[in-house]
Amino acid sequence: VNEKGIFFAAPQPKLLYQKSDIKFSPSAEEVSKGIFFNPGVSPFLYTYIDIGKRRWLVGKFFDVKKITPLIHTYQSDTYRLLIGFAIFILLMVFIMFGWYHRIKEKENIEREMRLAEIGRLVSTIYHDIANPLMVIMNMPQLIKENLKECLKRDLSLEEKMKILERVQKDLDEIAKAASRQEKLIGEIKDTVRGRFKPLFKEVDLETFFSGILESWKKYVEDIKLELNYKGKLTLDRDRFERVFFNLIRNAGEASGGKASVTITSSQEDDYIKFTVSDNGPGIPKRIQKTLFKLGATYGKKEGTGLGLYIVKKTVELYRGKITCRSYPGEGTTFTIKIPKRISNKKFI
Numbered sequence: 011v012n013e014k015g016i017f018f019a020a021p022q023p024k025l026l027y028q029k030s031d032i033k034f035s036p037s038a039e040e041v042s043k044g045i046f047f048n049p050g051v052s053p054f055l056y057t058y059i060d061i062g063k064r065r066w067l068v069g070k071f072f073d074v075k076k077i078t079p080l081i082h083t084y085q086s087d088t089y090r091l092l093i094g095f096a097i098f099i100l101l102m103v104f105i106m107f108g109w110y111h112r113i114k115e116k117e118n119i120e121r122e123m124r125l126a127e128i129g130r131l132v133s134t135i136y137h138d139i140a141n142p143l144m145v146i147m148n149m150p151q152l153i154k155e156n157l158k159e160c161l162k163r164d165l166s167l168e169e170k171m172k173i174l175e176r177v178q179k180d181l182d183e184i185a186k187a188a189s190r191q192e193k194l195i196g197e198i199k200d201t202v203r204g205r206f207k208p209l210f211k212e213v214d215l216e217t218f219f220s221g222i223l224e225s226w227k228k229y230v231e232d233i234k235l236e237l238n239y240k241g242k243l244t245l246d247r248d249r250f251e252r253v254f255f256n257l258i259r260n261a262g263e264a265s266g267g268k269a270s271v272t273i274t275s276s277q278e279d280d281y282i283k284f285t286v287s288d289n290g291p292g293i294p295k296r297i298q299k300t301l302f303k304l305g306a307t308y309g310k311k312e313g314t315g316l317g318l319y320i321v322k323k324t325v326e327l328y329r330g331k332i333t334c335r336s337y338p339g340e341g342t343t344f345t346i347k348i349p350k351r352i353s354n355k356k357f358i
């Protein structure tokens, strides 16, 4: 109630209702609620308000000329809103269709490029498949001949033992060839599928390197270990053995087996950093840009182009990074950074 004793109140929903002889269009129906028309009388907008135990009528007279434009404006604004919303929906559908088309086109191009690279590599990896197969196929015949010789009665025990030692070496060669074949098939399968399944296992780095160092020495002149970090790291032992094996073998093949390699480990914040350095001939800068791509190879007569590609994919699988720094005539250094702690949830 104001100072003049007049009560003011805002109308509540559904308190207003229509009492009119005039027909409104559907869009103006909401505006017409609570408007009372009477011939010869100005329109009257009203509502009831309960105060205490009594119901009061509150209303106001309006000029017809002022109300009619409001109704038409409401109707026009509604049409504009609906048209604008329809245009917005059509525009969003068009944009989403464009995005989908671009994504599918990009996926198709990447798949075609990968298949083309794989097709090009088939001929180059033939020898890697054929060599172990030749060992597996030829060795049984040698073993058979050695065993026949061993069964001769005129041989001494010492001579027979030497023959059996040769047989044992031949069997070991077959086992190694089969193992190489299995690993190569695994690499090819991973490459064709374009994905690598992660395995998780806590590995002690000092034990890891000391256990496989001897098997690598035949590829280079010398290998040195400088492990400033000797703790544990969660990784796939077999895959990371292949990572370092590829880097060391590449150094040996590029230098003709004369390279000296140094492997270091250290901790930098939440990462474990490894470096594999050699004093070989180095890699030209133009080659370094494509060094980790599928099919890239340099400094080797029989390179398949799979090794460094798989090295990079393996490192990235564990949220790591690998970089190469090399100068012709001064050697090459590969740097690998792996998170010290890796959660299985990151790979789900």
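Be aware that the sequence shown starts at 11, since it is given in our numbering, and climbs by one per residue.
Every residue gets a Cβ at the ideal spot worked out from N, C-alpha and C, and that includes glycine.
Keep in mind that this is a model prediction, so the values were computed, not measured.
_asparagine 48 - DSSP class collapsed to helix/strand/coil_ = A caution first: asparagine 48 carries a pLDDT of 46, below 50, which makes its placement in the model too unreliable to give a value.
*In whole angstroms, what is the alpha-carbon distance linking isoleucine 346 and glycine 339?*
Going by the C-alpha atoms only, they are around 22 Å apart.
*Identify every residue that forms a DSSP beta bridge with aspartate 412.*
Look at the range of the chain in this structure, 11 to 358, and you will see that residue 412 is not part of it.
*Does the stretch 106-125 touch the stretch 154-166, meaning 3 or more C-beta pairs lie closer than 8 Å?*
no
*State the DSSP-derived secondary structure class of isoleucine 282, mapped to helix, strand or coil.*
If DSSP states are grouped into helix, strand and coil, isoleucine 282 belongs with the strands.
*Indicate whether the contact test is met: 3 or more Cβ pairs, each with one atom in the stretch 329-339 and one in the stretch 280-296, closer than 8 Å.*
yes
*Whole-angstrom C-beta distance between isoleucine 273 and isoleucine 233, which should lie under 8 Å*: With a Cβ gap of about 7 Å, isoleucine 233 and isoleucine 273 count as contacting.
*asked:* For leucine 223, would you say it is in contact with chain C, using Cβ-to-Cβ distances shorter than 9 Å as the test?
replied: The chain inventory of the structure shown lacks chain C, comprising one protein chain alone.
_Reference serine 270; option with closest CA among Val230, Lys162, Arg190, Glu115_ = Val230
*Do you know offhand how far proline 49's Cα is from arginine 64's?*
The predicted position of proline 49 is uncertain, since its pLDDT is 47 and thus under 50; a value taken from the coordinates is nonetheless stated next. The straight-line gap from Cα to Cα measures roughly 30 Å.
*Proximity to glutamate 359 [Cα-Cα], best of Lys228, Leu243, Phe210, Met102*: A query on residue 359 cannot be resolved here, the shown segment of the chain reaching from 11 to 358 and no further.
*Mind checking which residues open and close the alpha helix (DSSP H) that includes arginine 296?*
Counting along the chain, the unbroken alpha helix (DSSP H) around arginine 296 starts and ends at 295-298.
*Is valine 103 helix, strand or coil when you go by DSSP?*
helix
*Are the beta-carbon atoms of lysine 331 and aspartate 280 separated by less than 9 Å?*
no
*Nearest residue (CA-CA) to phenylalanine 250, options Leu143, Lys170, Lys303, Lys211*: Lys211
*asked:* Short of 7 Å in beta carbon distance, which residues of its chain neighbour glycine 262, apart from the five on each side in sequence? Order them along the chain.
replied: Tyr229, Val230, Ala269
*Do the CB positions of aspartate 180 and isoleucine 153 come within less than 9 Å of each other?*
yes
*What residue from Ile173, Lys240, Lys186 has the CA that sits closest to valine 145's CA?*
Lys186
_Start-to-end residues for the beta strand (DSSP E) that takes in serine 265_ = From DSSP, serine 265 is part of no beta strand (DSSP E); its letter is neither H nor E.
*Can you pull the DSSP bridge partners for glycine 341?*
Tyr337.
_Buried versus exposed, by CB contacts within 10 Å (16 or more), serine 276_ = exposed
_I'd like to check one pair, lysine 283 with phenylalanine 302: are the Cβ atoms closer than 9 Å?_
no
_Give me the residue from Thr324, Arg259, Leu194 with the minimum Cα distance to aspartate 288._
The shortest C-alpha separation from aspartate 288 is found at Arg259.
*Could you pull the start and end residues of the beta strand (DSSP E) that lysine 234 belongs to?*
232-237
_Cβ neighbour criterion (16 or more within 10 Å) applied to serine 265_ = buried
*For arginine 65, the three-state DSSP class (helix, strand or coil)*: Arginine 65: strand per DSSP, three-state reduction.
*When we look at the beta-carbon of leucine 92 and count the other beta-carbons within 10 Å, is it buried (16 or more) or exposed?*
It is exposed - the Cβ of leucine 92 has fewer than 16 other Cβ atoms within 10 Å.
*Between the Cα of asparagine 256 and the Cα atoms of Leu101, Ser225, Leu237, Ala126, which residue gives the shortest distance?*
Ser225
_Measuring straight from C-alpha to C-alpha, what distance separates arginine 163 and glutamine 178?_
21 Å
*Assign serine 35 to buried or exposed, taking buried as 16 or more other Cβ atoms, counted over all protein chains shown, within 10 Å of its Cβ.*
Per-residue confidence for serine 35 stands at a pLDDT of 44, beneath the threshold of 50, marking its modelled position as unreliable; no derived number is given.
*Tell whether a beta-carbon distance below 9 Å holds between phenylalanine 219 and valine 286.*
no
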